[in-house]
Each structure stands twice: as structure tokens, then as C-alpha cells.
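Structure first, then comments.
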Amino acid sequence: MGRFLRKCTRDALSRRIKETICWYGADYLKACLWERAKTGPTSPCQQNLQDQRLRVPHAEERMDAELLAEIETDLHSLHITQYTIVATACVVIYEYLITLDNEIRHMWSPRFTFARILFFVGRYLPLAALCHAIFVFVATTNMSPCRLELITNATFSYVEYLWAVLVLFTRSYAIWANTRIVTGILAFTYVGSVSGASYAFSRYLSGISVPPYASEFISHGCAVTIGNNFVWVALIILIFCEILAVGLLLAKSLRDYRQRGGSGSNLLTVMTKDGVGYFICNLAITIANLIVLRRLSPTMRGFLLITQGALQNILCNRLLLHIHVVNESRNYHVYRSSLVYELNSLRAQ
1 MGRFLRKCTR DALSRRIKET ICWYGADYLK ACLWERAKTG PTSPCQQNLQ DQRLRVPHAE
61 ERMDAELLAE IETDLHSLHI TQYTIVATAC VVIYEYLITL DNEIRHMWSP RFTFARILFF
121 VGRYLPLAAL CHAIFVFVAT TNMSPCRLEL ITNATFSYVE YLWAVLVLFT RSYAIWANTR
181 IVTGILAFTY VGSVSGASYA FSRYLSGISV PPYASEFISH GCAVTIGNNF VWVALIILIF
241 CEILAVGLLL AKSLRDYRQR GGSGSNLLTV MTKDGVGYFI CNLAITIANL IVLRRLSPTM
301 RGFLLITQGA LQNILCNRLL LHIHVVNESR NYHVYRSSLV YELNSLRAQ
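If you use the numbering used here, the sequence shown corresponds to residues 1 to 349, in order.
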């Protein structure tokens, strides 16, 4: 980082920035770079810098240090985002490989159901989102469409959140055996949650921008500045939906336990344990995301959103796969018990 900044100071600052800071100050420089990014190097702002010389006394060293500190912070934030995205991609790929056998065994069937559609959407949406994120934050060298690409990537994460809530509500709907009251509560909550989260997310997208000096100092990857943290509203809505889903799951499990006289359904018990574990894990990462949104700088606010979306999908896919694994194991034990009983009956005869 130090070598890169020294090179920037020696080359870019000596030719473009240093003189501009000296004459006009850092704020005017940012405005000029922003105008140059939109209109090209022959913009009126750039011409004005060449035609006028209005020196600000004793401002050169102070402005150099301020701008360099801001650029260093933005570059550091971009590197953290890049490392986080690559690490998340490694986790998703590893999860995909270790669960591929169960996917082939339980999900690859010519008969498509709604549960299978949910699984495949959640299975491959994170891969598509992370491929796009790697292109935007790591690989791209064209800074012109960065804002549009950043909005597209944020939309991927938003769809992942909506999908995770849909999976949880579908599980609750199936557990309660199509009860009308529960169905109405889930439908009303989901529609209201999507509406509220969509509004908050649209406000969040309006605050996404690219630093005006990004094209001057960043060779690859899009730097992002987020001017607001409205997405915290969507995260709170997500927590509320998860609490509702887990609450319905626990209520059904307790009701089944009482009706069976202290011995609940094995499958329902497994689903309850999985649901509580999912809720605890997702609550932890959501709280971490809320802290990041509230505490960190505008260039670092959104770096955990991609990770949270991917981890939510991994956990939801685990929930769906584990149901099939447990059901298969239960059927196997039932078949084995019946076979042993028949063999014993034949021997007795």
C-alpha cells in the first residue's frame, strides 16, 4: 500500500492533483474529477484549471495529506471487500461440492415440485451473485458502468433475502398442514415485508455512488460509496420474519408433543432443531451487519450484505436437504424393521 501511494504521489499528484489542490482545494478537485468522469478530459472545469491561477496560501501540504488519507481509506475498503467476496465464494463452492451427492440423490428428479424449485433457486442464485460480484469488485477495469453494476449486485443480495424468507414461510405453511389462519398470517406478513423492505432497499440504492477519483487511482474493481444505511430497515424486517417462522415451528412442535403424550414426531423434532439453529446463526450475522452499517465508513457499509445473502442460502438449502436425508433414513429403518419381522415370522413357521 505504501509503495502504491508513493507512486500516486510521484506521478498522479505531481501532474494532476497537486496543482489543483494548490490552486483551489480538495473539494474543487473532487468536483472536477466527477465532471471529468461524465464529460471527458476537456470539460469546462478542466479548462478552468488551466486558465486560472488562484493560489490558496499554505494549502498544498494540508490538502495533499487529506486527499491521500481519503484515497488510502477507499483503497483499503475496496481490498477488504474483495477479500471478503473471494472468501465467500470459496465457502459457497466448498458447500456446493460437499452437498452435491445429496442434491443428486434427492433433488435430481424429472418431477418438479415447488420445494425442488425453491431448492434450485437457492442453490444456484448465490453462485450467480458471487460470479457477478467477483466481476464487479475484483476483475473489471471499466469504471464507467460501475454504479449500474453495483446496483445490480445489491439487487442480487436483496432477492436472496426474499428467497430465504419464502423458504422459511413455506416450511411453516407445510408444518401447519395448510391451516387457514396460519396461511393468512404468513401471506399477509410476507406481502407486507416485501413492500416495506422494497421501499427501504430503493432508498438504499439511491445512495450508491462511485468515488469521483476512482478511475484515476483504481486499476481494477469498482469502489463504492453508500450515502445512507436505509437497508437496516430491511434487515430488521428479515429478523421479524425469522422470529415469526421459528415461533410457528416451536408452537407446532410443542402442540404435537402434547398430543402424542410426550413423544413428538421425529421429523418435526429435527425440523425444529434445524430451524432454531438457522435462526441463531442468521441472527448473529444480521446483528454483525447492522453494526457494520451503523459504525463503519460509507465505503465499508455494504461489504457484508453479499456474505449474508450467500450464508442464508447455504443454511436454507441445508434445511431442505436435511429433511430429505432424515426422511430417507426413517423409511430405511421402517423397511428394515418390517423385513426383520417378516423373516422372524417365516422362521417361526
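Backbone N, C-alpha and C define an ideal beta-carbon position, used for all residues, glycine too.
A distance below 8 Å between beta-carbons, with the five flanking residues on each side excluded, links S109 to the following residues of its chain, in chain order: R116. The three-state secondary structure of T286, taken from DSSP, is helix. With distances taken between CA atoms, F120 lies nearest to Y96 out of Y96, H132 and I134.
In its chain, beyond the 5 residues on either side, L283 and T286 have a beta carbon closer than 7 Å to the beta carbon of I239. Residue range R180 to S206 is occupied by the alpha helix (DSSP H) that includes G184. The shortest CA-to-CA distance from Y204 to any of V191, S219, A234 and T183 is the one to A234.
Taking 8 Å as the cut-off, the beta carbon of S172 is found closer than this to the beta carbon of V182. Per DSSP, I239 is one residue of the alpha helix (DSSP H) stretching across V231 to Q259. Here S253 is buried: its Cβ has 16 or more other Cβ atoms, across all protein chains shown, within 10 Å. By the 16-neighbour rule on beta-carbons within 10 angstroms, S202 is exposed. Of the other Cβ atoms in all chains shown, fewer than 16 fall within 10 Å of the Cβ of G184; this residue is therefore exposed. Of the residues G309, D274, A214 and S209, the one whose Cα lies closest to the Cα of I323 is D274.
If you check the CB distance, S209 and R294 do not come in under 8 Å. When the Cα atoms are used, F188 and G247 turn out to be separated by approximately 16 Å.
A direct Cα-to-Cα measurement between F112 and H106 gives close to 12 Å.
Short of 8 Å from the beta carbon of S157, and not among the five residues preceding or following it, lie these beta carbons of its own chain, in chain order: A129, L305, I306, Q308 and G309.
Annotated three-state conformation of S77 is helix, per DSSP. Look at I218 here: in three-state DSSP terms it is coil, with no helix or strand label. Judged by their CB atoms, V138 and H220 are nearer to each other than the 8 Å cut-off.
The beta-bridge partner set that DSSP reports for I226 consists of I208. Burial is judged here by how many other beta carbons sit within 10 angstroms of a residue's own beta carbon; L315 has at least 16 and is buried. Note on I226: 16 or more other CB atoms within 10 angstroms of its CB, so buried under the neighbour-count rule. In the structure shown, S109 adopts coil according to DSSP, grouped into three states.
No residue range can be given for R301, since it is assigned to no alpha helix (DSSP H) and is classified by DSSP as neither H nor E.
I134 and T84 have their alpha carbons spaced roughly 10 Å apart.
Within the same chain, and ignoring the five residues on either side of F230 in sequence, the residues whose Cβ sits closer than 7 Å to its Cβ are A200, R203 and Y204. Going by DSSP, N153 is part of the alpha helix (DSSP H) stretching over C146 to I175.
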